[in-house]
Amino acid sequence: MITTVTPVAGILDAALRELGHEPVTVISARRTEPIDPARRGFPELSDSTAPRGLDVLIPRDKWSMEPLLRAVRPDLAICWGFPWRIPLAALQVPRLGSINSHPALLPRHRGPIPVSWAIRDGDPSYGLTWHRMDENLDTGGILVQSTVPMRDDEFSFFELGPRLTEAAIRLLPRALERVAAGDPGDPQPAEGVTWAGHFGEDYVEVDWSKPARAIHDQVRAWAFATPAAIEGPLTTLDGRRVKVTRTSLVEPAGSDGDDAAIRMNAGDGPLWVVAWEPAESDRA
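Residue numbers for the sequence shown follow the working numbering, so the first one is 38 and each next one is one higher.
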């Protein structure tokens, strides 16, 4: 297993064992900076959080993954939520190759933040693909796909993650069947390719002249755009620059007192700002 996601490692370990497979190790990327668990919703994978009975490997960089994998000699590598682009030499170490779970209907939304782009583009659902891994990012043969309905009230992987994970685990047996048969997967079509790259300055500022739905989706999209080099979405509330972290299309229940949601007028009606925090430029 190649992942940095603690809950997924445990769930994937259990699912593989139930299917009669024997996980041998889990590889986690070494972080240059610590991630606040409160922001992510779960702790980083480490020796204390990894599934029991597995070796835990933490390479210093992506180039050291190949020798580590050679030492373990796995039949198959399964990748999930890994932050590095893994070199082809490492992907080819397992005799059956390497596969990845990508939260998009490939070839749509290849890249690092597909969930954010599904929201930004107004897709009716999230996609999910198990695919072969090759030298390029998210371009390998498709093994199996499905979709997961969107919900307006999800603003973190802590909320959405369990639903994506459950769907991916349901598809895993079919993906493994095709791998075991030596099936290269279905080639990705040339049509419908989009890139889910990190957001730029054009999507930072909240434009209150836009429809409430568009602004609500902007806030939701930014909530899943991690890690991000820039901060968003930003607006001004009561004379202060803030990052909006949660909104609602309907007035929240009990919206009064010191923690009351702020009613804002969007281009076509009201939108409630439920949660926000000071923008980095305004933090003391």
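Think of the CB as a built atom: it goes at the ideal place given N, C-alpha and C, for glycine as much as any other residue.
When only Cα atoms are considered, Pro199 and Ile150 end up about 17 Å apart. Fully contained in the region 91–120 are the following alpha helix (DSSP H) runs of length 4 or more, in chain order: 102–109.
The alpha-carbon of Gly276 is positioned some 24 Å away from that of Val287. Here the alpha carbons of Ala233 and Ser193 stand approximately 18 Å from one another. Judged by their CB atoms, Ala155 and Ile39 are not nearer to each other than the 8 Å cut-off. The shortest CA-to-CA distance from Pro60 to any of Arg145, Leu49, Ala249 is the one to Leu49. Taking all protein chains shown into account, Gly229 has fewer than 16 neighbouring C-beta atoms within 10 Å of its C-beta and is therefore exposed. Counting only the Cα atoms, Ala265 lies some 28 Å from Pro307. With 16 or more other Cβ atoms inside 10 Å of its own Cβ, Ile136 counts as buried. The secondary-structure analysis by DSSP pairs Thr231 with nothing; it has no beta-bridge partner. Going by DSSP, Thr263 is part of no alpha helix (DSSP H) at all; its letter is neither H nor E. Leu143 is a Cβ neighbour of Asp175, given a cutoff of 8 Å.
Here Ala303 is bridged, per DSSP, to Gly306. Contact between the region 243–254 and the region 299–313 is established, with three or more Cβ pairs separated by less than 8 Å. Straight across, the Cα-Cα distance linking Arg107 with Arg257 is about 41 Å. Counting other Cβ atoms within 10 Å of its Cβ, Ile267 stays below 16 and is therefore classed as exposed. The beta carbon of Arg132 lies closer than 6 Å to those of Asp112 in the same chain, with the five residues before and after it left out. Collapsing the DSSP output to three states places Gly164 in a strand. Taking 8 Å as the cut-off, the Cβ atoms of Ser138 and Trp117 count as close.
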